[in-house]
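Taking it in order: structure first as structure tokens, then the write-up.
Chains as they are written, first to last, in our numbering: chain A, 8 to 335; chain B, 8 to 335.
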């Protein structure tokens, strides 16, 4: 009997979940649920139906784990606590500052209704968080470094698009090699934001817009760009669509520490991701944790969980014996 | 109240545990237990006593977790099941092929006596195993690669020392850059042993020994060297002591996979360690898991555990709230 998965929301992440399920033989897709007109939504999986979100409750008993593929800004803060009343759920809530309140709301709903709800799953938060925890636990006197990129930051791209005269924009976050090398050398450097990442922007301006003003507004924008070295290129919409539609991303989590009685030795732990498709990888993480959610529920657990709360063995379809014999 | 730790066995690993405890403020060392004459053993920690192994049982109620620092060949197969009857324990048993039987023996003792016993802890088995599991769970259709080194292999060094005419020897396992680059390119290569690692040997010959024969015996030794490209250098005992006494090690665990509906994209996860001191890092891992053992015991768990069974949050001294707010 396979683990029965439902997908709520069919954007890049929903599509990624379909691809991820294709790679996991112990799972099957029950249906895709959308706020759009289902007749207008074409999915990849043959023989699987698209339903309206209103039909979700009718399928309550057919779904073991519901994967919520909405956005963190407005969808998930409402959806996850609501659906955790009726389903075991997994989400990818990634607004780091609001995780504590999201956890509290989801935990209450899941505990009261005896469901398991996994939040903030993916790679950051997610696999990167795990590596920050493992790194800090093993090298407690060390320094932790997270680098992102090269990849598109949706938040920074949106910020540029809000500037007057900007028709479209894509912003790449780029980790600086010099900073990475300094960390890998074991020198435990302290960085300013500018020393860790570069920001490169590809901007489509509206006809007749003042390019110098736009560039100035980008480079001086507080929080987003002012503390970084920023490069601005003006390009056509056509070039943007052709050359900047990719969804590659990645990054590094590095823990560097001294070891030995007098700190005479150096130890460096480095974890990195190189991803052609950010949403496809995120989806694979969500699906692995959907397996964990299913198993934890089978064992009688309930409440809100994060990657920190899940024993690694729950993620693998292999048994404890197989894991010990083959992977330990 | 601190977590009270005992150390059994005072070689490189026992010394490493002392160093690791110095970096973890929530733990304290109760005593070092040795099979040698305690008067002849000088430890690093001030105000901590060295006891004979026979005194260990008298200290049963003073030790929360006993860290077993013996060898995997003969010490741990006896010690861990025996001491798991009376103590919560952590060991670094690393004979991969014998882990299932070690687990069974330790699990029986720990369950019958309501103790938590953590086996095969360190970096391989240990942190590398974790990364093989996480990598395989997240990218299930991918290929997994483990590279070791550059670092000394005790087993291979010992094998050379058993050859007639050899007075001393050190063998370095060296991962081949070309292989690492092929894996990082996402080409999912299949390697022979020879294509992944190089073996470099520094050998001290006895006076008048036949160097050509020794070199030939090394290079053709089944299992250990025959399947590898092997370089042999003959050096003096003095040079060996001066230039090859270091305990640096490290390695890489890489998972490479295709993602997307038709496998059109590539995802690479890479975890690596660069360690000036292998035993000091191993000890830091053992101590983090000693904290986990203590907490699991507090929560009423018992039995044999491996890194696969431990939810990451148990490793950190931070609370769940702190972890979610600061590391997720």
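Where a beta carbon is used, it is the ideal one built from N, C-alpha and C, also for glycine.
Nearest by alpha-carbon distance to residue i: which of the options is it?
i                      : options                    : result
residue 43 of chain A  : A:74, A:17, A:65           : A:17
residue 199 of chain A : A:192, A:233, A:23, A:27   : A:233
residue 27 of chain A  : B:265, B:28, B:212         : B:265
residue 23 of chain B  : B:74, B:238, B:66          : B:74
residue 161 of chain A : A:281, A:102, A:71         : A:102
residue 40 of chain A  : A:12, A:155, A:224         : A:12
residue 202 of chain B : B:212, B:208, B:188        : B:188
residue 93 of chain B  : B:105, B:80, B:82, B:123   : B:123
residue 25 of chain A  : A:283, A:10, A:51          : A:51
residue 253 of chain B : B:331, B:217, B:285, B:311 : B:285
residue 67 of chain B  : B:15, B:306, B:190         : B:15
residue 192 of chain A : B:323, B:292, B:330, B:280 : B:280
residue 237 of chain B : B:206, B:213, B:227        : B:206
residue 298 of chain B : A:217, A:144, A:195        : A:144
residue 328 of chain B : A:107, A:95, A:37          : A:107
residue 64 of chain A  : A:81, A:55, A:91           : A:91
residue 228 of chain A : A:165, A:151, A:111, A:53  : A:165
residue 57 of chain B  : B:36, B:317, B:308         : B:36
residue 307 of chain B : B:113, B:296, B:121        : B:121
residue 235 of chain A : A:215, A:204, A:224, A:249 : A:204
residue 216 of chain B : B:70, B:104, B:274, B:172  : B:172
residue 305 of chain B : B:136, B:78, B:71          : B:71
residue 310 of chain B : B:38, B:118, B:136         : B:118
residue 269 of chain A : B:225, B:268, B:287        : B:287
residue 319 of chain A : A:282, A:49, A:141         : A:141
residue 158 of chain A : A:38, A:256, A:225         : A:256
residue 330 of chain B : A:47, A:136, A:38          : A:136
residue 226 of chain A : A:283, A:274, A:167, A:197 : A:167
Does the Cβ of residue i have 16 or more other Cβ atoms within 10 Å, making it buried, or fewer, making it exposed?
i                      : result
residue 240 of chain B : exposed
residue 138 of chain A : buried
residue 132 of chain B : buried
residue 184 of chain B : exposed
residue 147 of chain A : buried
residue 312 of chain A : buried
residue 95 of chain A  : buried
residue 111 of chain A : exposed
residue 62 of chain B  : exposed
residue 214 of chain B : exposed
residue 54 of chain B  : exposed
residue 220 of chain A : exposed
residue 194 of chain B : exposed
residue 80 of chain B  : exposed
Kindly list the residues whose CB is nearer than 7 Å to the CB of residue i, restricted to its own chain and excluding five residues on each side of it in sequence; keep chain order.
i                      : result
residue 272 of chain B : 265, 266
residue 31 of chain B  : 294
residue 289 of chain A : 20, 23, 99, 129, 130
residue 302 of chain A : 321
residue 218 of chain B : 212, 241
residue 69 of chain B  : 11, 37
Can you list, in chain order, the residues of its chain whose CB lies under 6 Å from that of residue i, leaving out five sequence neighbours each side?
i                      : result
residue 251 of chain A : 177, 209
residue 98 of chain B  : 75, 83, 87, 126
residue 59 of chain B  : 45
residue 149 of chain A : 262, 263, 264
residue 211 of chain A : 174, 175, 244, 247
residue 34 of chain B  : 9, 10, 12, 28
residue 361 of chain A : With chain A covering only 8 through 335, there is no way to say anything about residue 361 of chain A.
residue 116 of chain A : 88, 91, 92
residue 163 of chain B : 178, 231
residue 224 of chain A : 170
Which residues in the same chain as residue i place their Cβ atom closer than 8 Å to its Cβ, once the five residues preceding and following it in sequence are excluded?
i                      : result
residue 325 of chain A : 333, 334
residue 134 of chain B : 278, 280, 292, 314
**OP:** Residues of the segment 20–46 of chain B with a CB closer than 9 Å to any CB of chain A: list them in chain order, please.
**Re:** Here the close residues are 22, 23, 25, 26, 27, 29, 30, 31, 32.
Original post:
Going along the chain, which unbroken runs of the alpha helix (DSSP H) with 4 or more residues stay wholly within the segment 206–277 of chain A?
Top reply: Runs of the alpha helix (DSSP H) inside the segment 206–277 of chain A: 218–226, 244–250.
Original post:
At a Cβ cut of 8 Å, what residues of the segment 103–124 of chain A count as close to chain B, listed as they run along the chain?
Top reply: Listed by position along the chain: 103, 106, 107, 110.
**OP:** With 9 Å as the C-beta to C-beta threshold (strictly closer), list the residues of the segment 132–146 of chain A near chain B in chain order.
**Re:** For the segment 132–146 of chain A, which is checked against every Cβ of chain B, the residues closer than 9 Å are 132, 133, 134, 136, 137, 138, 139, 140, 141, 143, 144, 145, 146.
Original post:
When you check each C-beta in the segment 175–205 of chain A against every C-beta of chain B, which residues fall closer than 9 Å?
Top reply: Listed by position, the residues of the segment 175–205 of chain A near chain B (Cβ gap below 9 Å) are 191, 193.
**OP:** Check each residue of the segment 261–274 of chain A: if its Cβ is closer than 7 Å to any Cβ of chain B, include it; give the result in chain order.
**Re:** Cβ contacts with chain B come from 266, 267, 268, 272, 273, 274.
**OP:** Only counting runs of 4 or more residues, tell me where the alpha helix (DSSP H) segments fall wholly within the segment 125–153 of chain B, in order along the chain.
**Re:** The alpha helix (DSSP H) runs of length 4 or more contained entirely in the segment 125–153 of chain B are, from start to end of the chain, 134–145.
Subject >> Residues in the segment 45–77 of chain A having any Cβ partner in chain B nearer than 8 Å >> reply: Flagged, chain order: 51.
Subject >> Near-chain B residues of the segment 275–295 of chain A (beta-carbon distance less than 7 Å), N- to C-terminal order >> reply: Taking a C-beta cut-off of 7 Å against chain B, the contacting residues of the segment 275–295 of chain A are 275, 276, 277, 278, 279, 280, 281, 282, 283, 284, 287, 288, 291, 292, 295, listed in chain order.
Original post:
Which residue spans inside the segment 23–103 of chain A form an unbroken beta strand (DSSP E) run of at least 3?
Top reply: Listed in chain order, they are 34–41, 56–59, 72–75, 95–97.
Original post:
Looking at chain A, which residues of the segment 304–320 of chain B have a Cβ within less than 8 Å of any of its Cβ atoms?
Top reply: Listed in sequence order: 313, 314, 315, 316, 317, 318, 319, 320.
**OP:** Select from the segment 323–335 of chain A all residues with a C-beta closer than 9 Å to any C-beta belonging to chain B, and list them in chain order.
**Re:** For the segment 323–335 of chain A, which is checked against every Cβ of chain B, the residues closer than 9 Å are 323, 324, 325, 327, 328, 330, 331, 332, 333, 334, 335.
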